[in-house]
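Report on the following structure.
2 protein chains.
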Amino acid sequence: MTDSNSSLRGFDRSLPMALLRARESMMRQFRPMLAQHDMTEQQWRVLRALAASELPLDVGEIADATFLLGPSLSRILANLEGRNLLLRRAGETDQRRSAISLTADGRALFERIAPESEEIYGLIERSFGEDRLSELISLLAELEKS
Amino acid sequence: MTDSNSSLRGFDRSLPMALLRARESMMRQFRPMLAQHDMTEQQWRVLRALAASELPLDVGEIADATFLLGPSLSRILANLEGRNLLLRRAGETDQRRSAISLTADGRALFERIAPESEEIYGLIERSFGEDRLSELISLLAELEKS
DNA sequence: CGGCATTACTTCACATGTTAGACAATTTCT
DNA sequence: AGAAATTGTCTAACATGTGAAGTAATGCCG
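Order-wise, the sequence lines are chains A and B. Quick note on the numbering used here: the first sequence kicks off at -14 and runs consecutively. Quick note on the numbering used here: the second sequence kicks off at -14 and runs consecutively.
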């Protein structure tokens, strides 16, 4: 690292940059744990979405839940399917949709990762403070709508 | 879009996801304008960093200023150099570093984009409110340190 | 001075982000 | 029913994110 020179401070007051830096500092705490399970952060989001739903989901529902775009999700689903973590079946009424659900392997992997993830999130929550965290999430939600 | 089913709400209270969504809602407002100038958001960050500095910068300084990792920055610099927007010269004292500065073309492009960018940022600022925005940026900075 | 760790980047390999276009199944209109 | 628009998903093409390994110039130390 080189020392930062003061003529570049403009970035520090930029909201997009502040959001980027904050999120990166979050993910730095999760990624090593996920990597031990050969999971990227996006793959983990898909696993979570499927585990949270009793019924199978179609691609559009997973996209909405995980905030992933179609092309990324397409590749991620192919990857997870290849690892026998999820299963795709053709939709009943609409042949365009596919019903996607976790396999036993997928659910088992979710059960292993979930508590580790919760523990890290808990550490962040306690370190930052639940009140401020809740305040922050509210502001972010309002920003998204504005 | 499919209607969201209530069993997937878990994501909404997740800070990493909230940060991702908020940032995406920001960038959606900037990207079309940048695309008109054949600029990605990251290329624009590099241009800004160089324009803000009187002296040439080396790669490490640009990386710190723009929050880009080495490999990404390497490719972006090659791209911008190929478009004659910036210039690399070998460092005086240390041959490993390169002194990077904008060309006349690069500076001209910066001057065209900067006011449009400022206008969009101003709209967001007024819409969200300067006080809340400032509060939000403070919280984000604290989160990054915690 | 010569070996050796360090530093500043770059390159590689793989995964995702982003936009635009392709395609097939469905719906709508006539 | 048949043509046209719409919808759900995928592919293509290019740019970036990420971790690991490679390379060349410096600095350190005996």
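Cβ atoms here follow ideal geometry from the backbone N, Cα and C, with glycine treated the same way. As the structure is a computational prediction, the values presented were derived from the model and not from experiment.
Our two residues, Leu128 (chain B) and Ile122 (chain A), have alpha carbons roughly 12 Å apart in a direct line.
Taking C-alpha positions only, Glu103 (chain A) is separated from Gly76 (chain A) by approximately 33 Å. Secondary structure at Leu71 (chain B): strand, using DSSP grouped into helix, strand and coil. Here the C-alpha atom of Arg82 (chain A) lies approximately 16 Å from the C-alpha atom of Leu54 (chain A). Per DSSP, the unbroken beta strand (DSSP E) holding Leu87 (chain B) starts and ends at Ser83 to Leu87. The DSSP assignment places 71 to 75 as complete runs of the beta strand (DSSP E) inside the segment 4 to 81 of chain A, in order along the chain (cut-off: 3 residues).
The beta carbon of Arg73 (chain B) sits no closer than 7 Å to any beta carbon of chain A. For Arg117 (chain B), the C-beta contacts it makes with chain A under 7 Å involve Leu124, in order along the chain. Rounded to the nearest angstrom, the gap between the Cα atoms of Ala99 (chain A) and Ala7 (chain B) is 25 Å. Scanning chain A for C-beta atoms nearer than 8 Å to the C-beta of Met12 (chain B) yields Pro1, reported in chain order. Here the segment 14 to 22 of chain B does not lie against the segment 44 to 64 of chain B, with fewer than 3 beta-carbon pairs under 8 Å apart. The DSSP-derived three-state label of Ser123 (chain A) is helix. Residue contact with chain B for Ser102 (chain A): absent (no Cβ-Cβ distance below 7 Å to any residue of chain B). Listed by position along chain B, the residues whose Cβ is nearer than 8 Å to that of Ala99 (chain A) form an empty set, because the closest Cβ is around 11 Å away.
In this structure Leu71 (chain B) is not in contact with Thr51 (chain B), their Cβ atoms being roughly 13 Å apart against a cut-off of 8 Å. In the structure shown, Ser131 (chain A) falls within a coil segment according to DSSP collapsed to helix, strand and coil.
Within chain A, the residues Ile122 have their CB atoms less than 7 Å from the CB of Arg(-2) (chain B), given in chain order. Closer than 7 Å to the CB of Gly(-5) (chain B) there is at least one CB belonging to chain A. Distances from the CA of Arg97 (chain B) to each of B:Ser119, B:Gly67 and B:Arg33 were compared; the closest alpha carbon is that of B:Arg33. When secondary structure is reduced to three states using DSSP, Gly107 (chain A) falls in the helix class. In this structure, the CA atom of Arg74 (chain A) is about 51 Å from the CA atom of Glu46 (chain B).
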